[in-house]
Amino acid sequence: MNQKFLLIVSICSLILLTSCWNRIELNELAIVVGMGIDYDDGKFIVTAQVVNPGEIAAYQGSGGNSPVVVYQEKGNTLFEAIRRITTVSPRKLYFSHLRLLVYGEELAKKGLGKSLDFLSRDPEIRTDFYVAIAKNSKAGDILKVLTAMEKIPAQQLFESLLASEKAWAPTMPITMDQLNLDLIGEGINAKLTGIMRMGNVQTGEKLEDLQQSKPATILKYDAIGVFRKDQLVGWLTEDESKGLNHALGNVKSTVVTIPCPEKGTANIELNQTNSELKTEVLGHKSKGRIKVVLKGNVGGVQCKTLDLSKQETMRFLEIKTEKEIQQNIFKALHASQKEYKVDPFGFGEAARRSNPKVWHLIKNDWIQIFEKMPVEVKVTVKIHDLGMIKNSPLNKIKKYPAIQNQQ
Amino acid sequence: MERKTLMIIFFSSLLLLSGCWNKRELNELSIVLGLGIDKVKEQYLITAQVVNPSEIASKKGGSGKAPVVVYQEKGETLFEAVRKITTVAPRKLYFSHLRIVVFGEELAKEGIGEMIDALLRDSEVRNDFFITVSKNSSAADVLKVLTPLEKIPANSLFASLKASAKSWSPTKGVTLDNLVTNMVSDGINPILTGVEISGNVPEGEMNKNVAQTKPKTILKYKGMAIFKQDKLIGWMNERESKAVHYALGKVKSSVGYVKCPQGGKVVIEVVRTKSKLHAKMKSGKPHGFVKVKTQGNVGEVECHGLDLTNPKSISYLEKESEKNLSEIIKSTIQHVQKDYRSDIFGFGEALYRSEPNEWNKYKNDWNQTFSQMPVTIRVDMEIRQTGTINNSPLNKMENK
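Residue numbers (this note's numbering), protein chains in the order written: chain A, 1 to 407; chain B, 408 to 807.
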């Protein structure tokens, strides 16, 4: 009996213990870190930035080859183009470590729609990578450019976007997940950060370009593009992008420049933001409300006679900062309401949350309502800290007549 | 007595223990990974791609030299040309690690038969490398191009052929024994994958080519060459090559698309294929049958309004794929029958297996019979999964 039982167990386990029948070893994979999608003549052009493992290994010198390899193929569908890359690449592309997806501006204007399904459906592709748009350029050209600090350009772009989002307001890291939500969500429109190439591709794709302290071709994040459905309709300026980010509470830290009472400017460093975006649903006369509460400290004073030890001065700085931010938000609102007629803020979504029943009645006309909707913007700034010094050393520099005047 | 035996054992072991009299140290060998064969004015031009060991060592960086060296020689025969290379190479060529053999298109048109013998007979050459034909260029040029990712171009070609045959399918890694069997048999003709140079060779052979993210010159597999016995008689495009592999059941995985009912495309990822190819006598004449059974997943939806949660849409997709697939297989078979008259599918062999007596009547002029043979095609497609999401996000976007 016991023996029989054991025999059955061992035979059953033969079926179950299949070991790694479907395994792929690391050296059989082409790890894709950056992907670009362009559209040309009814066909997708897929650009894959693949890590060249031999060149980025830590313990051995490199052989002077490029740290990443870029493969490009055309196809009737996205999937087809990707698979066709195997005819040139020695390995099958592996997408789980994708860092950045770049859409060409042309494609973004035509609509991202068709490409979205594959990116969400394929089990290999995660949804934690960032999405950006190549401003004034093809996505393929962005991915060809080498970068200096991080050997892998896609990694550099990923980190640069993270860093600039943390310390500088006009960029917006949007993951695939977020983009999907914005695209299918009611009462909100999608927005993506733009990425620009400064310099030309021919020099940027060569290793030689990195042998100088200032590479001739660099990549740079620039402003935010707004979408209607899945189509790019326009770009926000830097101020407008900042305003949008402030309204959405995306700003972790940034620097605001305000004018002094007399000549010169002062900088306020903001490091805490709370924002609230609400819609008061009153049918076609709905109202929007944005409330931003910020905390910050004095970052730099570039004018004389500003007495920071006085309460009034601090209040003055706070009010100026509030004005500045408020103005940016108004600029962003103006651009979206009047110029592009899209709702990247998500006032519609806020309306749905606050009053779902009425929302169903007005959602089809939402953009028309949003266009004319008055929005109240309230910004409160509290300045807590002055930094390492009190008054600016500029105050103590005595006024000597300029030398030239004496002569 | 005992001493005598010892003496005899001692002397006879001298004869047997000959040591490594035939040894060759690793640093005396030129390890050939790629071999190109062209014909130039009645002479064979041999191109050998040899590893430069110090450049590909893993523990130290290279010194900026090319990772492989290419040697070329001409000769009346393959063997002669190979041996002649020692006049330029510092070491004797060693062929056991051969990865890829490229036949020049010109040579292939004249016939590759004479070359095969030397490859088969030599004890150093193994049977695990792939054979390809260069398309629109000489084999020599193909082997000169440097590749990124895999430092050794022959390795890159080998791996790329393997990867693309596995996940894309218009290509196929053909080994020597496979080629020879198909070449000598009456009932089947060989096919070989074509390799093309995109870009120019002088740029591609420099190290600079791989010191940029997107090399200007790359090697690319494109289409399959149709042979009649040992002569190349034509090329199939990507679509046709794929169809041939479906018919032969060689497709491991591939992608293809079908049209949505409302326009747009749906991509089906094929994950498994089985095919049965046979031939029978039907009313006194040979008749071919191709039965393909494939399984696939929905890979991508590029259209609005397709409800994948509805079993009807799935069966619609299955039907459409079956229709598409049987259509391309049919048109490919017809194209090969009409324009090339070369039985690359092996219907002749199938007939031989099923009705050996009848086969004897046809075998002398099989290709002629093949070109007029009716073929029945049946495709059975089953869609199993839809990936990580159900309906396309496009559907929801449209509702906005």
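Glycine residues also receive a C-beta, built at the ideal position from the N, C-alpha and C atoms. Values in this document were obtained by computation on a predicted structure and should not be read as measured data.
Under 9 Å by beta carbon: chain B residues contacting residue i
i	result
residue 72/A	621
residue 283/A	Chain B residues near residue 283/A: none, gap ~20 Å exceeds 9 Å.
residue 137/A	The premise fails here: residue 137/A is roughly 15 Å from chain B at the closest Cβ pair, so nothing lies under 9 Å.
Residue-level contact to chain B via CB, residue i, 8 Å cutoff
i	result
residue 91/A	yes
residue 406/A	Note on residue 406/A: pLDDT 47, under 50, position unreliable in the model; no value is reported.
residue 48/A	no
residue 194/A	no
residue 30/A	yes
residue 120/A	yes
residue 207/A	yes
residue 146/A	yes
Other residues of its chain near residue i: CB distance less than 8 Å, five sequence neighbours each side excluded
i	result
residue 390/A	308 and 309
Residue j beta carbon less than 8 Å from that of residue i
i	j	result
residue 267/A	residue 255/A	yes
residue 169/A	residue 182/A	no
residue 756/B	residue 688/B	no
residue 92/A	residue 464/B	no
residue 30/A	residue 424/B	no
residue 524/B	residue 582/B	no
residue 317/A	residue 258/A	yes
residue 129/A	residue 162/A	no
residue 204/A	residue 146/A	yes
residue 665/B	residue 702/B	no
residue 385/A	residue 297/A	yes
residue 371/A	residue 337/A	yes
residue 673/B	residue 724/B	yes
residue 651/B	residue 595/B	no
residue 500/B	residue 437/B	yes
residue 693/B	residue 783/B	no
Test: residue i CB closer than 8 Å to a CB of chain A
i	result
residue 706/B	yes
residue 446/B	no
residue 801/B	yes
residue 574/B	yes
residue 735/B	no
residue 625/B	yes
residue 612/B	no
residue 629/B	yes
CA-to-CA distance, residue j to residue i, given in whole angstroms
i	j	result
residue 276/A	residue 619/B	48 Å
residue 579/B	residue 538/B	10 Å
residue 349/B	residue 480/B	Residue 349/B cannot be examined here, being either before or after the span of chain B that is shown, 408 to 807.
residue 528/B	residue 797/B	57 Å
residue 649/B	residue 572/B	10 Å
residue 526/B	residue 532/B	6 Å
residue 140/A	residue 561/B	27 Å
residue 406/A	residue 321/A	Bear in mind that a pLDDT of 47 at residue 406/A, under 50, signals an unreliable position, so the number given afterwards is only what the model happens to contain. Their Cα atoms are separated by approximately 40 Å.
residue 393/A	residue 272/A	27 Å
residue 485/B	residue 451/B	7 Å
residue 722/B	residue 77/A	21 Å
residue 754/B	residue 682/B	13 Å
residue 603/B	residue 544/B	7 Å
residue 455/B	residue 628/B	20 Å
residue 227/A	residue 133/A	11 Å
residue 19/A	residue 13/A	11 Å
Beta-carbon proximity list for residue i, same chain, < 6 Å, skipping 5 on both sides
i	result
residue 346/A	188
residue 49/A	33, 34, 68, 70, 143 and 154
Closer than 7 Å at the beta carbon, the chain B residues around residue i
i	result
residue 123/A	794 and 795
residue 180/A	800
residue 69/A	555, 556 and 620
Within chain A, partners of residue i - CB distance below 9 Å
i	result
residue 578/B	86 and 87
residue 672/B	76, 77 and 114
residue 566/B	28, 89, 90 and 91
Contacts of residue i in chain A (Cβ-Cβ under 8 Å)
i	result
residue 689/B	Residues of chain A passing the Cβ test: none, with the nearest at roughly 38 Å.
residue 676/B	79
Where residue i meets chain C, residues with beta-carbon distance less than 7 Å
i	result
residue 804/B	Here chain C cannot be found, since the structure's protein chains are A and B.
Under 7 Å by beta carbon: chain A residues contacting residue i
i	result
residue 571/B	86 and 87
residue 617/B	65 and 66
residue 662/B	79, 80 and 83
residue 709/B	77, 114 and 117
residue 563/B	90
Contacting residues, own chain, Cβ-Cβ under 7 Å from residue i (five flanking each side not counted)
i	result
residue 730/B	none
Partners in chain B for residue i, counting only beta-carbon separations shorter than 8 Å
i	result
residue 52/A	555 and 556
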